[in-house]
Amino acid sequence: MSLTLKRIEMHGFKSFAKRTVLEFNAPVTAIVGPNGSGKSNVVESIRFVLGEQSSKSLRSKSGADLIFKGSRMIPKMNRASITMTFDNSKRLFQLPGLSLDFDEISISRSVFADGTNEYAINGSEVRMR
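Note that this note's numbering has the sequence shown beginning at 80, numbered continuously upward.
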């Protein structure tokens with residue numbers, strides 16, 4: 080059995096200045112689109128929220144590089160956040176010492192302009208190990 084990804088929410092992450100929600104109502108095999116549409120940034124958002132620590136793997140020099148830099152129309156952001164939500168109706172999601180008896184499990188990570196990170200599971204702050 081496997082976990083089913085239901086949704087990814089991005090806000091201020093790389094090219095996703097405005098809150099962007101990708102709903103996965105059916106299985107996804109690939110992400111397609113024209114050059115410059117943000118396909119790589121979607122993949123990197125998944126790596127980021129799951130705890131990727133290598134800036135190089137996220138095509139950046141530091142955590143601050145992941146935050147939207149601004150444009151003529153939209154001011155720069157001071158943080159980037161990603162939330163991935165999984166279907167946990169079959170209770171497949173388990174972490175030692177943490178009760179996850181919920182139908183949905185959301186994993187979130189935010190990075191701030193000073194480079195600090197925050198992690199959360201279902202809105203409760205957790206620490207990365």
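Positions of the beta carbon are idealized from the N, C-alpha and C atoms, including for glycine.
Computed from a predicted structure; not experimentally measured.
Note down the Cα distance separating residue i from residue j, rounded to an integer number of angstroms.
{"i": "ASP144", "j": "SER136", "result": "12 Å"}
{"i": "SER81", "j": "PRO106", "result": "12 Å"}
{"i": "GLY149", "j": "ALA96", "result": "8 Å"}
{"i": "GLN132", "j": "MET152", "result": "31 Å"}
What is the residue span of the beta strand (DSSP E) that residue i lies within?
{"i": "SER160", "result": "158 to 166"}
{"i": "ILE186", "result": "183 to 191"}
{"i": "ILE87", "result": "83 to 90"}
Once DSSP output is grouped into helix, strand and coil, what is the label at residue i?
{"i": "LEU171", "result": "coil"}
{"i": "ALA96", "result": "coil"}
{"i": "LEU179", "result": "coil"}
{"i": "ALA143", "result": "helix"}
Which same chain residues, not among the five before or five after residue i, have their C-beta less than 8 Å away from its C-beta?
{"i": "ASN196", "result": "GLY142, ARG188, SER189, VAL190 and MET207"}
{"i": "LYS118", "result": "ILE110, VAL111 and GLY112"}
Counting only the same chain and skipping the five closest in sequence on each side, list residues whose C-beta sits under 6 Å from that of residue i.
{"i": "MET229", "result": "Nothing about residue 229 can be reported from this structure: the residues present for the chain run from 80 to 208 only."}
{"i": "VAL121", "result": "ILE110"}
{"i": "SER185", "result": "THR162, THR164 and ASN201"}
Beta-carbon within less than 7 Å of residue i's beta-carbon, same chain only, minus the 5 sequence neighbours each way: which residues are those?
{"i": "SER139", "result": "LEU145"}
The alpha helix (DSSP H) spanning residue i covers which residue range?
{"i": "VAL121", "result": "118 to 128"}
Segment contact, 8 Å Cβ cut-off, at least three pairs: the segment 167 to 183 with the segment 93 to 103: no
Three-pair Cβ contact test at 8 Å for the segment 83 to 90 versus the segment 162 to 169: yes
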